[in-house]
Amino acid sequence: MALVRFADSAGLADWVASLLLRDRLLRPERPLGLATGRTMEPVYAALARQVNGLPPAERQELRRRWCSFNLDAYVGVDRADPRSFAAEMASRLTTPLGLDPERVHLPDGQAADPHAAAECYAAQLAATGGIGLQLLGLGLNGHVGFNEPPCEADAPCRCLELSPATRQQNAGAFGGDPESVPQQAITLGLREILAAERLLLVVTGAAKAEVLARALREPPTPELPASWIQLHPRALVVADGAAAALLDVNRNPPTAARTASGVAGAGHAADPDLGARRDPGLHASSWPTR
Ligand code: GLP
-15 MALVRFADSA GLADWVASLL LRDRLLRPER PLGLATGRTM EPVYAALARQ VNGLPPAERQ
45 ELRRRWCSFN LDAYVGVDRA DPRSFAAEMA SRLTTPLGLD PERVHLPDGQ AADPHAAAEC
105 YAAQLAATGG IGLQLLGLGL NGHVGFNEPP CEADAPCRCL ELSPATRQQN AGAFGGDPES
165 VPQQAITLGL REILAAERLL LVVTGAAKAE VLARALREPP TPELPASWIQ LHPRALVVAD
225 GAAAALLDVN RNPPTAARTA SGVAGAGHAA DPDLGARRDP GLHASSWPTR
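Under the numbering used here, the letters of the sequence shown match residues -15 to 274, in that order.
In structure tokens, the structure reads:
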């Protein structure tokens, strides 16, 4: 894995958005995997600004070729309900970018049989060949998507029970009451996530520092689903200073330098050599390999 650390969250959001944009412009053959959550709000805002700054022909091409699959959705929350991930994607992505909603896929959390809906979503994704670049956030309990601990590395797309910790973490959108957060969700599994060509884990804020350090430093374990990312040959972790605070890495190493533990050194927005990494994107030579 490699880690890029940013001093400021605005710079981080811009940088991540530029990776997503380049993915869509340069590698549209495979769908983009998307995540929801507070971490991603500034990323989608930056993406909208960047897309709307494109020349009209390029913007049209991007819209024509767009295809994304979201990680997860609550079970039993209407798409039109502002608390649904579908509504979140519509307001933060589909509408601002002028995308065709048919090209922005999410699990069907309203299906009468959510287990069948999960299977159907997995099949729909498999028919595309699987995710190219997968954007990931990190739960306070170490979940990615809604893969709650314990979770094995081959867990498939499924409908599952949300943990009390996750319902607590996401209570803000439900009037602050964890009991109001749906009990179940549909999520892509670690199986589909680890099958993506590239992973991009984005983590911000001091509250995530401990879980991020554990996920990157401890041996992969079902108790910390995000730790399975260590097994991926092309995973990039992007964190702000607060989230990366407990990672013991050199402040200004050469681009993609590896530490003894296998996590590349971090950079930050003021690094003179960040320019070299500003566009690391999607070139095999600069995305981390093992
Ligand atoms: C949520 C979602 C994840 C998200 C993560 C972090 O529960 N299921 O997809 O990435 O937890 O959320 P946040 O960015 O709000 O901290």
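Glycine residues also receive a C-beta, built at the ideal position from the N, C-alpha and C atoms.
Validate contact between the stretch 118 to 132 and the stretch 203 to 223 using beta carbons, cut 8 Å, 3 pairs: yes
Just to confirm my understanding: we take S2, look at its own chain, exclude 5 residues before and 5 after, and list those with CB closer than 7 Å. What are they? Taking the first residue of the sequence shown as 1, we reach residue 2 at position 18. Q34, listed in sequence order.
On the DSSP bridge list, what partners appear for H89? Walking along the sequence shown from the start, residue 89 turns up at place 105. In the DSSP output, where bridge partners are listed per residue, H89 has F53.
Looking only at its chain, what residues have a beta carbon closer than 6 Å to the beta carbon of G265, apart from the 5 residues adjacent to it on each side? On the sequence shown, residue 265 is found 281 positions in, with the first residue counted as 1. Because G265 sits at a pLDDT of 36, beneath the cut-off of 50, its placement in the model cannot be relied upon, and the following sentence gives the value as read from the coordinates. Cβ neighbours of G265 beyond the five flanking positions: L3, R6.
First through last residue of the beta strand (DSSP E) which encompasses L275: With the chain represented from -15 up to 274, any question about residue 275 goes unanswered, as that position is not in the structure.
Beta-carbon proximity list for P133, same chain, < 8 Å, skipping 5 on both sides: Walking along the sequence shown from the start, residue 133 turns up at place 149. Beyond the five residues adjoining it in sequence on each side, P133 comes within less than 8 Å, by CB distance, of N125, G126, H127, S147, P206, E207, L208, P209 in the same chain, given in chain order.
The stretch 178 to 190 in contact with the stretch 141 to 161 per 3-pair CB rule at 8 Å: no
Per DSSP, what kind of secondary structure is A110 in: helix, strand or coil? Here residue 110 refers to the residue found at position 126 when the sequence shown is read from its first residue. Here A110 sits in helix by DSSP.
Does the distance from the C-beta atom of A19 to that of L174 stay below 9 Å? Numbered from 1 along the sequence shown, position 35 holds the residue referred to as residue 19. Numbered from 1 along the sequence shown, position 190 holds the residue referred to as residue 174. Between A19 and L174, the C-beta gap is not smaller than 9 Å, which leaves the two residues out of contact.
Less than 8 Å separating the Cβ of Q167 from some heavy atom of ligand 1? Taking the sequence shown and counting its residues from 1, the one referred to as residue 167 is at position 183. Not so, every heavy atom of ligand 1 lies at least 8 Å from the Cβ.
Tell me the residue span of the alpha helix (DSSP H) that contains F158. On the sequence shown, position 174 is the one that residue 158 refers to. It is not in any alpha helix (DSSP H) - F158 carries neither H nor E in the DSSP assignment.
Is F130 near ligand 1, in the sense that its beta carbon is under 8 Å from a heavy atom of that ligand? Here residue 130 corresponds to residue number 146 of the sequence shown, with the count starting at 1. Yes, Cβ of F130 sits closer than 8 Å to a heavy atom of ligand 1.
Is L16 near ligand 1, judged by its Cβ being under 8 Å from some heavy atom? Translated into the one-based positions of the sequence shown, residue 16 becomes position 32. Flag unset: Cβ of L16 not near ligand 1.
Identity of the residue in I170, A30, L(-4) nearest N131 by Cα: Taking the first residue of the sequence shown as position 1, residue 131 is located at position 147. When only C-alpha atoms are compared, the closest one is I170.
Is there at least one non-hydrogen atom of ligand 1 closer than 8 Å to the beta-carbon of R275? It is not possible to answer for residue 275, since the shown part of the chain is limited to -15 through 274.
For a test of the three-state rule: what should DSSP assign to G17, helix, strand or coil? Numbered from 1 along the sequence shown, position 33 holds the residue referred to as residue 17. Of the three classes helix, strand and coil, the one that applies to G17 here is strand, per DSSP.
Nearer than 8 Å: is that true of the beta carbon of A19 relative to any heavy atom of ligand 1? As a first step, residue 19 must be located in the sequence shown, where it is residue number 35. Residue side-chain check: A19 places its Cβ nearer than 8 Å to a non-hydrogen atom of ligand 1.
If you drop the 5 nearest sequence neighbours on each side, which residues of the same chain put their C-beta closer than 8 Å to that of E136? For the purposes of this step, residue 136 is taken as residue 152 along the sequence shown, with counting starting at 1. Answer for E136: L174, P206, listed in chain order.
Checking the sheet assignment: what are the DSSP bridge partners for N131? As a first step, residue 131 is located in the sequence shown; it is residue number 147 there, counting from the start. Bridge partners of N131: V128.
When DSSP labels each residue in this structure, what does Q167 get in the three-state scheme? Locating residue 167 in the sequence shown gives position 183, where the first residue counts as 1. Q167: coil per DSSP, three-state reduction.
If you count every other CB in all the chains shown that lies within 10 Å of the CB of D(-2), and 16 or more means buried, which is it? Walking along the sequence shown from the start, residue -2 turns up at place 14. Its Cβ being crowded by 16 or more others within 10 Å, D(-2) is buried.
Any heavy atom of ligand 1 closer than 8 Å to the CB of G60? Along the sequence shown, read from residue 1 onward, the residue named residue 60 stands at position 76. G60 Cβ: outside cutoff for every heavy atom of ligand 1.
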